[in-house]
Amino acid sequence: MKLYSTRDPQKTVNAAEAIVRGLAPGGGLYIPENFPKADLEGWKSLSYPELTEKVLAGFLTDYSPEFLKSAAQAAYGPAFGENAGKTVKVQDGLYALELWHGPTCAFKDYALQLMPRLLVEGKRSLQRTETTRILVATSGDTGKAALAGYAGLDGIEIQVFYPNAGTSEIQRLQMATQTGDNVRVYAVSGNFDDAQTGVKRVFGDADVAKGLAARGICLSSANSINFGRLVPQIVYYFYSYFRLAEEGAVQWGDPVDFCVPTGNFGDILAGWYAKQMGLPVGRLVCASNKNNVLTDFITTGHYDARREFYKTTSPSMDILISSNLERLLAHLAGPGKVRQWMADLFATGSYTVDADTLAALQKDFACGCASDADGAQEIRSRFEEDHYLCDTHTAVAFHVAERCRTDAPMVVLSTASPFKFPRDVLAALGREVPDSDFDAMRALTEATGCEAPRSLSALDSLPVRFTEVIRPEDIRTAALN
Ligand SMILES: *Cc1c(COP(=O)(O)O)cnc(C)c1O
């Protein structure tokens, strides 16, 4: 299958090239020319890795079936075990698709356990022999998931930069204890923006690129605009539907609605891709926190990033420019219009889509938003009424899901373990909050009877490998190291 840029339909590439490149030349994102058809009957009883192999094969036609099979097995076999794509009942008609049973306890593991393997294989098939050095600026979740995905891979190095005082204790230790010879982790004095700006500057620095190229090193990023991160996320929509059908929660062929806590629009877009492939998806509900730029957009067709940025208790959704939305718009309206809208966004901070595009969008997507207080109330209600414990991001989606229910079953995508944000979750339950995250984890277990994932509770006994704090202006030196 060929892919083309959201801003230029002329230059097509195969999947390996799209994955190795990341961004298309000219700043567009790669999207598939068409959607492979799902074989629902043939796929419904497959294991998670087997289903992954089938979904990937439809898009990544230039990768060998043997490779896809072994990559899917390696990514999801031991790392997720029985819990890959686990869907649990919360109430009649309301389900949670728990995506946090992977190594770092957040849904980004699904993409970042698989994509690095696609990158290594893509480089091999394109006969690229350079070392790929991946730079990541992170506010928390992405850094650890990327470290875990890229650690130990041939021809890859990864450097992660996080704000020194900007992550939780757990998130910091998750990164600082990462093993592997090809990983480096730096705390940056300053906030997330300082770290991100420093990394962006390095990407744009021609002297850095030249210096590294002379040593056979090429810079790359791990963020969610890479097509290789999108495809693995399609799989769990299918897997969840099949489990609901199996237990009779949905009649085979009838629609299921999905509600997705959204930031960069990658996770929910994967659900739309599943629908294009033939999965009976009713509506995709886009749930935002107080940074509700997408709620306004889906309601009015006017995207306006010129607004105050809020730090919320669901930090992975604190986003004003939702990158993957560009992909949806290109599928609905074509690259010509998208090029104009993105130019408007760059020049003025806003753009407005035409009535046809808005109607097409509203046919498949509903939306809503929740404040931190709404989310906290939701955590408490779901626990007290349903004995279901969720994290702050998932809580936003539960809040919105209840307001967008139809006759179809509703699946809420649960994107992080509640034990990743133990202090906020405890506070939401009306409990006293200890200072340390580890005390908070123990208190949360006591209050709820739910066990913390081992990979989090064992963190305070692991050796800390990285303690270096650097200034934002030293990111360049670190990247050149
Ligand atoms: C990244 C993230 C999200 C948002 O996902 P997008 O694909 O960026 O929309 C939601 N919840 C958690 C816990 C995340 O880490």
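Going by my numbering, the residue at position 206 of the sequence shown is 191; the numbering climbs one at a time, nothing skipped.
Where is the CB? At the ideal position from N, CA and C, for every residue including glycine.
Quick caveat: nothing in here was measured; it's all calculated off a predicted structure.
- Not a single heavy atom of ligand 1 lies less than 7 Å from the C-beta of G175.
- For Y222, there is no enclosing beta strand (DSSP E); the residue is part of the alpha helix (DSSP H) that begins and ends at V220 to E231.
- Counting every other CB atom within 10 Å of its CB across the protein chains shown gives F177 a total of 16 or more, marking it as buried.
- For the pair L343 and G415, the CB atoms are not nearer than the 8 Å cut-off.
- Here the alpha carbon of Y221 sits roughly 32 Å from the alpha carbon of A180.
- At least one heavy atom of ligand 1 lies less than 7 Å from the C-beta of P246.
- For Q58, the secondary structure class from DSSP, reduced to helix, strand or coil, is helix.
- Here T46 is exposed. Its C-beta has fewer than 16 other C-beta atoms within 10 Å.
- In the three-state reduction of the DSSP assignment, D371 falls in the helix class.
- For D(-7), the enclosing beta strand (DSSP E) begins and ends at D(-7) to N(-1).
- Burial of P457 is indicated by the presence of at least 16 other C-beta atoms within 10 angstroms of its C-beta.
- Contact check for F243 and V270: beta-carbon distance about 7 Å, within the 8 Å limit, so the pair qualifies.
- Counting the other Cβ atoms within 10 Å of the Cβ of Q76 gives fewer than 16, which makes it exposed.
- Per DSSP, reduced to three states, the secondary structure at E453 is coil, with no helix or strand assignment.
- In this structure, S399 keeps its C-beta atom at 8 Å or more from the C-beta atom of L79.
- Annotated three-state conformation of G353 is strand, per DSSP.
- Within the chosen limit of 7 Å, ligand 1 reaches the beta carbon of A91 through at least one heavy atom.
- A check of alpha carbon separations from Q58 across L279, L31, D339 and G256 identifies L31 as the nearest.
- At least one heavy atom of ligand 1 falls within 7 Å of the beta-carbon of S209.
- Here the C-alpha atom of F406 lies approximately 11 Å from the C-alpha atom of C90.
- When the five nearest sequence neighbours on each side are left out, the beta carbons in the same chain lying within less than 6 Å of the beta carbon of R118 are those of E142, I202 and L204, in order along the chain.
- A Cβ-Cβ contact shorter than 8 Å links F146 with A122.
- Less than 8 Å divides the Cβ of N274 from the Cβ of V381.
- Contact between N167 and A136 holds, with the beta-carbon distance rounding to 7 Å and staying under 8 Å.
- About 4 Å separates the beta carbon of Q163 from that of L132, a gap short enough to meet the 8 Å contact definition.
- Measuring C-alpha to C-alpha distances from L8 to each of D(-7), R439 and D371 identifies D(-7) as the nearest.
- The region 302 to 314 makes contact with the region 274 to 284: 3 or more CB pairs, one atom from each, lie closer than 8 Å.
- Taking a contact to require three or more Cβ pairs closer than 8 Å, the region 387 to 402 and the region 368 to 376 qualify as touching.
- Per DSSP, reduced to three states, the secondary structure at V121 is strand.
- If you check the C-beta of A401 against ligand 1, you find a heavy atom less than 7 Å away.
- Per DSSP, Q181 lies in no beta strand (DSSP E) segment; the continuous alpha helix (DSSP H) that holds it begins and ends at F177 to F188.
- For G267, there is no enclosing alpha helix (DSSP H); the residue is found in the beta strand (DSSP E) stretching over V266 to S273.
- Listed in chain order, the beta strand (DSSP E) runs fully inside the region 86 to 156 are 116 to 122 and 141 to 148, counting runs of at least 3 residues.
- Between Y226 and V241, the C-beta gap is smaller than 8 Å, which places the two residues in contact.
- Between the C-alpha atoms of W326 and Y336 there is a straight-line separation of about 6 Å.
- Nearest to G248 by C-alpha distance, out of D139, K71 and T297, is T297.
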